[in-house]
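Trainee: Dumping the structure here so I can ask a few things about it.
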DNA sequence: TAAATAAAATTGGTCTGACAATATTATACC
DNA sequence: GGTATAATATTGTCAGACCAATTTTATTTA
């Protein structure tokens with residue numbers, strides 16, 4: 001006689017996951033319907049439904065109302081949910097997060113230059129030009145700044161690195177930070193200098209500029225910490 | 001009259017999450033029971049249960065059989081599940097992952113040295129000594145190697161950085177890589193040299209050794225790519 | 001009175017059956 | 001063949017029941 005230490009739902013979840021991986025199912029593949037799973041696993045519809053709901057929550061399955069069950073496209077949304085919970089519980093030291101971001105960006109420069117990756121310099125320049133325009137027009141500058149840094153990460157052509165960098169940025173998006181309005185032009189120039197350094201394949205120069213680029217933020221954080 | 005575009009379960013999930021965050025509930029706080037939620041949200045037990053299951057899957061709630069519902073301690077387990085799905089779907093270029101790991105470790109050295117963090121040198125030495133012993137005794141070396149690198153990350157005293165590094169390592173644990181048995185002694189010496197470099201606060205030297213430390217792995221990867 | 005034990009109440013786990021809402025498929029029509 | 005319609009399949013929600021695990025309360029005992 002078998003000892004049922006875990007719940008039926010957990011068992012169902014395990015068996016469904018195993019099936020997906022052993023049969024190498026890919027995103028958007030149609031999966032079994034609830035009824036089929038009931039027959040296959042010999043449990044009630046309740047158990048099947050709760051297993052499906054659970055697998056949907058972590059982005060493994062996608063249940064379409066009236067349309068059936070499908071293997072889901074891996075998204076970072078559930079991770080965002082999880083990080084949000086973590087943030088809400090532990091909080092996050094803004095300084096720690098900025099240090100992490102700095103390391104990620106310095107690392108991107110290293111990956112690009114040491115591996116001699118071909119970078120679309122014009123694209124970076126175009127983004128930075130748009131950034132310049134928003135500064136001049138006194139519009140919202142955040143968008144193009146973010147795009148510039150994102151493009152820098154993507155330029156590594158390392159999708160794994162991009163994924164994790166994206167997670168860090170997701171985490172960052174949960175934090176509110178008052179940004180100073182001065183220094184925008186300086187940031188623009190630093191972007192430009194980074195592009196130049198990348199073109200020259202000078203890691204040291206690129207990283208030096210990047211560190212300068214982060215300095216005002218750390219100065220701000222330092223001030224905040226002193227004030228409290 | 002309201003249009004019900006999302007499912008009741010999704011609405012329940014949102015309302016429960018909102019309640020947790022707005023009331024600033026912390027891990028291990030007792031949450032409402034199913035019955036209470038039924039009265040509160042005016043939906044069937046099915047809907048409540050599916051919402052709870054979903055929130056449990058992403059590590060926000062913990063449902064204890066017979067004991068009630070609690071706010072969960074943030075864990076990385078759900079993220080591990082998600083990354084595993086991602087890995088199984090897209091695969092992961094081992095080279096990309098190792099590059100990411102290298103960046104993380106180089107970054108750790110930078111954080112430690114530039115911020116002049118006090119590092120427990122003796123602890124690192126002790127771990128490396130244990131590593132040495134397992135080499136000599138021809139036992140499993142992986143454990144102490146992993147502990148050494150983990151300690152290096154933790155030495156940054158940047159918990160945010162540690163969290164993300166842990167995710168990368170979780171991802172790494174999914175990948176099987178044949179490691180060569182030679183070069184273990186070299187690795188031991190490199191660990192030791194890193195410790196020395198940290199003690200001297202020499203970022204350049206520490207990073208140089210770390211890069212040397214990763215070289216054989218990249219060489220291996222390079223060979224594998226050539227062979228296929 | 002305090003601790004150990006037993007009973008009761010609470011709470012989550014699973015099952016069944018039913019009907020509604022939605023998506024897919026088959027059919028009839030032009 | 002294409003389109004509108006009907007039939008079918010599938011998921012969403014509800015209600016009620018019973019079991020299992022846990023907690024609370026009551027009772028007994030030292």
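Residue numbers (UniProt numbering), protein chains in the order written: chain A, 1 to 228; chain B, 1 to 228. Backbone N, C-alpha and C fix where the C-beta goes; we use that ideal spot for every residue, glycine too.
(1) Pairing CB atoms from the segment 42-50 of chain B with CB atoms from the segment 55-62 of chain A, are three or more of them under 8 angstroms?
(2) Does the distance from the C-beta atom of residue 71/B to that of residue 33/B stay below 8 angstroms?
(3) Can you tell me the Cβ-Cβ gap for residue 163/A and residue 164/B, rounded? I've got them flagged as a contact below 8 angstroms.
(4) Below 8 angstroms between beta carbons: does that hold for residue 209/B and residue 97/B?
(5) Where does residue 71/B sit, in a helix, a strand or coil, going by DSSP?
(6) Counting pairs of Cβ atoms below 8 angstroms between the segment 81-96 of chain B and the segment 110-117 of chain B, do you hit three or more?
(7) In whole angstroms, what is the alpha-carbon distance linking residue 194/A and residue 152/A?
(8) Would DSSP call residue 209/B helix, strand or coil?
(9) Kindly indicate if chain B contains any beta-carbon less than 8 angstroms away from that of residue 6/A.
(10) Taking just the CA atoms, how far does residue 128/A sit from residue 185/A?
(11) Can you check which of these residues, 109/A, 8/A, 125/A, is closest to residue 203/A by C-alpha distance?
(12) Excluding sequence positions up to five away, which residues of its chain have a Cβ less than 8 angstroms from the Cβ of residue 148/B?
(13) Here's a check: name, in chain order, each residue in its chain whose Cβ is nearer than 6 angstroms to the Cβ of residue 4/B, leaving out the five neighbours to either side.
(14) Cβ atoms of residue 57/A and residue 7/B: under 8 angstroms apart, would you say?
(15) Let me make sure I understand the geometry here. Which of 86/B, 15/B, 67/B has the alpha-carbon closest to that of residue 171/B?
(16) Output, in chain order, the set of chain A residues within a Cβ distance shorter than 8 angstroms of residue 167/B.
(17) Report the neighbours of residue 97/B on chain A: residues whose CB is nearer than 8 angstroms to its CB, in chain order.
(18) Tell me the start and end of each unbroken alpha helix (DSSP H) in the segment 74-155 of chain B that is at least 4 residues and wholly inside, in chain order.
(19) So the beta strand (DSSP E) residue 62/A belongs to, where does it begin and stop?
(20) Between the alpha carbons of residue 196/A and residue 206/A, how many angstroms are there, rounded?
(21) Terminal residues of the continuous alpha helix (DSSP H) containing residue 49/A?
(22) By the DSSP assignment, the alpha helix (DSSP H) with residue 164/B in it spans what residues?
(23) Examine chain A for any beta-carbon lying closer than 8 angstroms to the beta-carbon of residue 263/B, and answer yes or no.
(24) Note down the Cα distance separating residue 28/B from residue 80/A, rounded to an integer number of angstroms.
(25) Could you run through the segment 137-159 of chain B and flag, in chain order, every residue whose CB is less than 7 angstroms away from some CB of chain A?
(26) Whose C-alpha, out of 183/A, 201/A, 200/A, 199/A, is nearest the C-alpha of residue 220/A?
(27) If I follow the unbroken alpha helix (DSSP H) through residue 18/B, where does it start and stop?
(28) Can you name the residues of chain A whose CB is closer than 8 angstroms to the CB of residue 68/B?
Mentor: In short:
(1) Because the criterion of three Cβ pairs below 8 angstroms is not met, the segment 42-50 of chain B and the segment 55-62 of chain A do not touch.
(2) No, the pair does not count as a contact, with Cβ atoms beyond the cut-off.
(3) Contact annotation, residue 163/A with residue 164/B: C-beta distance approximately 11 angstroms; criterion of less than 8 angstroms not satisfied.
(4) No; because the gap between Cβ atoms is not below 8 angstroms, this pair is not in contact.
(5) Strand at residue 71/B.
(6) They do not touch, by the three-pair rule.
(7) Rounded to the nearest whole angstrom, the CA to CA distance from residue 194/A to residue 152/A is 10 angstroms.
(8) DSSP places residue 209/B within a helical segment (H, G or I) once states are collapsed to three.
(9) Nearest CB-CB separation between residue 6/A and chain B: not below the 8 angstroms threshold.
(10) Linking residue 185/A to residue 128/A through their CA atoms gives a straight-line distance of about 11 angstroms.
(11) Out of 109/A, 8/A, 125/A, 109/A has the C-alpha closest to the C-alpha of residue 203/A.
(12) The answer, listed in chain order, is 124, 127, 128, 131, 191.
(13) Note that residue 4/B scores a pLDDT of 44, beneath 50, so its modelled location is shaky and nothing firm can be said.
(14) Remark: C-beta atoms of residue 7/B and residue 57/A do not approach each other more closely than 8 angstroms.
(15) Comparing Cα positions, the closest option is 86/B.
(16) Within 8 angstroms Cβ-Cβ: 164, 167.
(17) Those are 160, listed as they occur along chain A.
(18) Fully enclosed alpha helix (DSSP H) runs of 4 or longer: 77-90, 94-114, 121-136, 142-154.
(19) Per DSSP, residue 62/A belongs to the beta strand (DSSP E) from 61-64.
(20) Rounded to the nearest whole angstrom, the C-alpha separation of residue 196/A and residue 206/A is 8 angstroms.
(21) In the DSSP assignment, residue 49/A falls within the unbroken alpha helix (DSSP H) covering 45-57.
(22) Looking at the DSSP string, the run of the alpha helix (DSSP H) that includes residue 164/B is 159-173.
(23) Since the first residue shown for chain B is 1 and the last is 228, residue 263/B is missing from the structure and cannot be characterised.
(24) The alpha-carbon separation between residue 28/B and residue 80/A amounts to approximately 21 angstroms.
(25) Within the segment 137-159 of chain B, those residues whose Cβ lies closer than 7 angstroms to any Cβ of chain A are, in chain order, 158, 159.
(26) For the options 183/A, 201/A, 200/A, 199/A, the alpha carbon positioned closest to that of residue 220/A is the one of 183/A.
(27) Residue 18/B -> alpha helix (DSSP H) spans 8-22.
(28) Those within 8 angstroms of residue 68/B in chain A number zero; the least Cβ separation is about 16 angstroms.
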